[in-house]
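> Numbering (full-length UniProt numbering), first residue to last: 1 to 426.
#1: If residue 303 and residue 244 are in contact, beta carbons under 8 Å, what's the gap, nearest whole angstrom?
#2: Is the stretch 104–111 close to the stretch 306–321, with three or more CB pairs under 8 Å?
#3: Are the CB atoms of residue 337 and residue 96 nearer to each other than 8 Å?
#4: Taking residue 369 as part of the beta strand (DSSP E), name the residues at either end of that continuous run.
#5: In angstroms with no decimal places, state the Cα-to-Cα distance between residue 120 and residue 16.
#6: Using a threshold of 8 Å, state whether the C-beta atoms of residue 387 and residue 409 are closer than that.
#7: Per DSSP, residue 288 forms a beta bridge with which residues?
#8: With a threshold of 6 Å on Cβ separation, who are the neighbours of residue 330 within its own chain once the five nearest residues in sequence on each side are excluded?
#9: Are the CB atoms of residue 38 and residue 369 nearer to each other than 8 Å?
#10: Mind checking residue 300: buried by the 16 CB within 10 Å criterion, or exposed?
#11: Give me the DSSP bridge partner(s) of residue 133.
#12: Helix or strand or just coil, what does DSSP make of residue 243?
#13: Does the ligand MG have a heavy atom nearer than 7 Å to the CB of residue 146?
#14: On the three-pair Cβ rule with 8 Å, is the stretch 282–290 touching the stretch 45–59?
#15: Quick one: which unbroken alpha helix (DSSP H) runs of 4-plus residues sit fully inside the stretch 39–64? Chain order, please.
#16: Please state the DSSP three-state secondary structure of residue 217.
#17: Specify, as a first and last residue, the run of the alpha helix (DSSP H) that residue 100 falls within.
#18: Please report how far the alpha carbon of residue 25 lies from the alpha carbon of residue 31, in whole angstroms.
#19: Is the Cβ-Cβ distance between residue 132 and residue 114 less than 8 Å?
#20: Check the C-beta distance from residue 125 over to residue 183 and give it rounded, since I have them as a contact under 8 Å.
#21: With distance defined between alpha-carbon atoms, name the residue in 415, 257, 175 nearest to residue 93.
#22: Taking the alpha carbon of residue 89 as the reference point, which residue from 116, 260, 47 has its own alpha carbon closest?
#23: Provide the residue(s) that pair with residue 337 in DSSP beta bridges, ordered along the chain.
#24: Do you know offhand how far residue 164's Cα is from residue 205's?
#25: Excluding the 5 residues flanking residue 232 on each side, which residues of the same chain have their C-beta closer than 6 Å to its C-beta?
#26: Could you check whether residue 240 and residue 117 sit closer than 8 Å to each other, using their CB atoms as the reference points?
#27: What are the boundary residues of the beta strand (DSSP E) that includes residue 392?
#28: What would DSSP say about residue 360, mapped onto helix, strand or coil?
#29: Taking a contact to mean a Cβ-Cβ separation below 8 Å, would you say residue 429 touches residue 188 in this structure?
#30: Out of 419, 420, 414, 421, which has the shortest C-alpha to C-alpha gap to residue 33?
#31: Between residue 102 and residue 418, what straight-line distance do the alpha-carbon atoms span, to the nearest angstrom?
#32: Would residue 145 and residue 128 be called neighbours here (beta carbons separated by less than 8 Å)?
#33: Consult DSSP for residue 196 and reduce its assignment to one of helix, strand or coil.
#34: In the DSSP output, which residue or residues are listed as bridge partners for residue 74?
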């Protein structure tokens, strides 16, 4: 629970104006701030507006419409309102998901990436089971191990090789050391600059007599690329579950998605969620997700190609900076390794270029994501200018001219592309 000694006297006159002023001042700065963080994106105005409609600030249970009634539904014996227009939008979004991921079963009610992982593990494993996941030093999510242990499962880590693939020899040693077979392997990579091959892992599990061990692939960073056919679909490669949040390369709200081709797994997840892990799934965000999925079906392939092309352009423009090592990339992500990554991230954020610093196998790096500026329609010329600003920072510091150039770039990034805002499906 947060506590502050600087509580705002909310009952005093002028509080309304005070609050608005704080955010108006902050927003004026943010208009000249550019985001290269890998874990965020922006909604289209179409999706945002639908989610902000006061008529949909309502509960939406997993209810069934009553036969012969249009606006009446029942949930756990309780009579509630039915939203036929939401069901129509959901049906269209479901068709989009089924087409993009070639999978018939989709679950929308998970509220975030971590809630998604919690729900899948609670549904498909039992207390006392062992879950293998990527170690944090290999890019695994920091929350996975603690979450697994909190719900009464055992957590063990596998690792990646230097070329970004699962270390199968180490994996086999880990599995053979266990008292009981693992119930699931969770691939939860947050530094995805190339595809992790799933088929060799599936083959190894089968050779070890672990045919029933599930492979759960968290594609939070690459979900939009998979939907846009710019990245392999793990379901085609042997994964049982494809999951991930929907606000990175998928340009949607802060929610998540679960997709599978197995009816038995889908049924278990649905029953577990309905059994207490979610009641109402936050209708405003759900509407925004449905719109985003439909936009992705229309524009996702072009968007995914452009994300990867922009990433490659920035990669090539940052080659050769003294003290920095660029990792090759096949995605919208860039990893720039250097001992000064933490300090450089501070400088870039202070300048107005939002970035993260991470660690790869114990080595500091900057992590760039091109998904947001791509959706804002950055041109090759502006991307070249942005690269020069970054080079200047990494070479010792930006100057006043760089600040002006950055502000001009930001001014031009004022429309959301690859969306229903300005375009229609071809």
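Positions of the beta carbon are idealized from the N, C-alpha and C atoms, including for glycine.
As the structure is a computational prediction, the values presented were derived from the model and not from experiment.
Checking against the coordinates, here is how it stands:
#1: Taking the first residue of the chain shown as 1, we reach residue 303 at position 303. Taking the first residue of the chain shown as 1, we reach residue 244 at position 244. The C-beta distance from residue 303 to residue 244 rounds to 16 Å, too long to fall under 8 Å, and the pair is not in contact.
#2: Output reads no: the stretch 306–321 does not touch the stretch 104–111.
#3: For the purposes of this step, residue 337 is taken as residue 337 along the chain shown, with counting starting at 1. For the purposes of this step, residue 96 is taken as residue 96 along the chain shown, with counting starting at 1. No.
#4: Locating residue 369 in the chain shown gives position 369, counting from the first residue. Element bounds for residue 369: 363–369.
#5: Along the chain shown, one-based indexing puts residue 120 at 120. Along the chain shown, one-based indexing puts residue 16 at 16. Residue 120 and residue 16: Cα-Cα distance of roughly 42 Å.
#6: As a working note, residue 387 is residue 387 in the chain shown. As a working note, residue 409 is residue 409 in the chain shown. Going by C-beta atoms, residue 387 is not nearer than 8 Å to residue 409.
#7: In the chain shown, the residue the question calls residue 288 occupies position 288. Per DSSP, none; premise fails for residue 288.
#8: Within the chain shown, residue 330 is the residue found at index 330, counting from 1. Excluding positions up to five away in sequence, the list reads 194.
#9: Position 38 of the chain shown holds residue 38. Position 369 of the chain shown holds residue 369. Cβ atoms of residue 38 and residue 369: closer than 8 Å.
#10: Taking the first residue of the chain shown as 1, we reach residue 300 at position 300. Buried, since its Cβ has 16 or more Cβ neighbours within 10 Å.
#11: Working through the chain shown from its first residue, we reach residue 133 at position 133. Beta-bridge pairing links residue 133 to 157, 186.
#12: Translated into positions along the chain shown, residue 243 becomes position 243. Three-state result, residue 243: strand.
#13: Of the ligands one can find in the structure shown there are none, so the ligand MG has no counterpart to examine.
#14: Contact between the stretch 282–290 and the stretch 45–59 is present, because at least three Cβ pairs lie under 8 Å.
#15: Within the stretch 39–64, the complete alpha helix (DSSP H) runs of at least 4 residues are 45–51.
#16: The count along the chain shown starts at 1 and reaches residue 217 at position 217. Of the three classes helix, strand and coil, the one that applies to residue 217 here is strand, per DSSP.
#17: By 1-based counting over the chain shown, the position of residue 100 is 100. Per DSSP, residue 100 belongs to the alpha helix (DSSP H) from 84–101.
#18: Walking along the chain shown from the start, residue 25 turns up at place 25. Walking along the chain shown from the start, residue 31 turns up at place 31. C-alpha separation (whole angstroms): 11 Å.
#19: Here the question's residue 132 lines up with position 132 in the chain shown. Here the question's residue 114 lines up with position 114 in the chain shown. For residue 132 and residue 114, no; Cβs fall outside 8 Å.
#20: What you label residue 125 is simply residue 125 of the chain shown in a count that begins at 1. What you label residue 183 is simply residue 183 of the chain shown in a count that begins at 1. The beta-carbon distance between residue 125 and residue 183, rounded to whole angstroms, is 4 Å. This is short enough to meet the 8 Å contact definition.
#21: On the chain shown, position 93 is the one that residue 93 refers to. Among 415, 257, 175, the Cα nearest to that of residue 93 is on 257.
#22: To locate residue 89, count along the chain shown from 1; it is residue 89. The shortest CA-to-CA distance from residue 89 to any of 116, 260, 47 is the one to 47.
#23: On the chain shown, residue 337 is found 337 positions in, with the first residue counted as 1. Within the DSSP secondary-structure output, residue 337 pairs in a beta bridge with 325, 365.
#24: Locating residue 164 in the chain shown gives position 164, where the first residue counts as 1. Locating residue 205 in the chain shown gives position 205, where the first residue counts as 1. If I take the Cα positions, the gap works out to 19 Å.
#25: One-based indexing of the chain shown puts residue 232 at position 232. Close CB contacts of residue 232 within its chain, under the 6 Å cut and outside five residues either way in sequence, are with 195 (chain order).
#26: As a working note, residue 117 is residue 117 in the chain shown. As a working note, residue 240 is residue 240 in the chain shown. Not closer than 8 Å, so no.
#27: Taking the first residue of the chain shown as 1, we reach residue 392 at position 392. Careful: residue 392 lies outside any beta strand (DSSP E), inside the alpha helix (DSSP H) at 380–394.
#28: In the chain shown, the residue the question calls residue 360 occupies position 360. In the structure shown, residue 360 adopts extended strand secondary structure according to DSSP, grouped into three states.
#29: Any property of residue 429 remains undetermined from this structure, which presents the chain solely from 1 to 426.
#30: Counting from 1 along the chain shown, the entry for residue 33 is found at position 33. Residue 414 holds the alpha-carbon nearest to the alpha-carbon of residue 33 among 419, 420, 414, 421.
#31: Residue 102 sits at position 102 when you count from the first residue of the chain shown. Residue 418 sits at position 418 when you count from the first residue of the chain shown. Computed Cα separation, rounded: 22 Å.
#32: Reading the chain shown from its first residue, position 145 is the one you call residue 145. Reading the chain shown from its first residue, position 128 is the one you call residue 128. One thing to note: residue 145 has its Cβ no nearer than 8 Å to the Cβ of residue 128.
#33: Taking the chain shown and counting its residues from 1, the one referred to as residue 196 is at position 196. Coil.
#34: Taking the chain shown and counting its residues from 1, the one referred to as residue 74 is at position 74. Among the bridge pairs identified by DSSP, residue 74 is matched with 64, 79.
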